[in-house]
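Residue numbers (the working numbering): 905 to 1058.
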């Protein structure tokens, strides 16, 4: 029995030794695997971080371009609006001057007979003037000079 006992003890020691060896190899393999996975995760983290940073830079650049275009468009619209307003102001000033000149001309014409009433008469639509019958006539009808009359309103 002692031989069986010795064999059992020997087997137990060998089994314990194998378990220890297996545990050591497994621990070493796990450490190696853990290191490998950790390195791979670090590389992945670096790659992903770089990709995220690159994407953020692209988005920032895109946003900057968008805001730049919006700003330039706003400046262009404001400049065009200012130009239109300035041009209309100039046109209003010129029209105001023209109206003033025309009013002056009308006053001069009224002083020279501008209140004369004219129309078209007859089938041929000829020009005719309203005559002041109380003012009398001028000219010599015997010498072939037609009589002249003063228009009404002069």
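Note that the Cβ used here is the ideal one computed from N, Cα and C, for glycine as well.
Three-state secondary structure assigned by DSSP to residue 1049:
The answer is coil: DSSP assigns residue 1049 none of H, G, I, E or B.
Can you name the start and end residues of the alpha helix (DSSP H) that residue 982 belongs to?
Run containing residue 982: 906-1015, per the alpha helix (DSSP H) assignment.
Going along the chain, which residues of its own chain have a beta-carbon closer than 6 Å to the beta-carbon of residue 908, five neighbours each way excluded?
In the same chain as residue 908, and ignoring 5 residues on each side of it, no C-beta atom comes closer than 6 Å to its own.
Answer yes if the region 1037-1045 comes into contact with the region 1022-1029, meaning at least three C-beta pairs across the two stretches below 8 Å, and no otherwise.
Cβ pair count under 8 Å is below three, so no.
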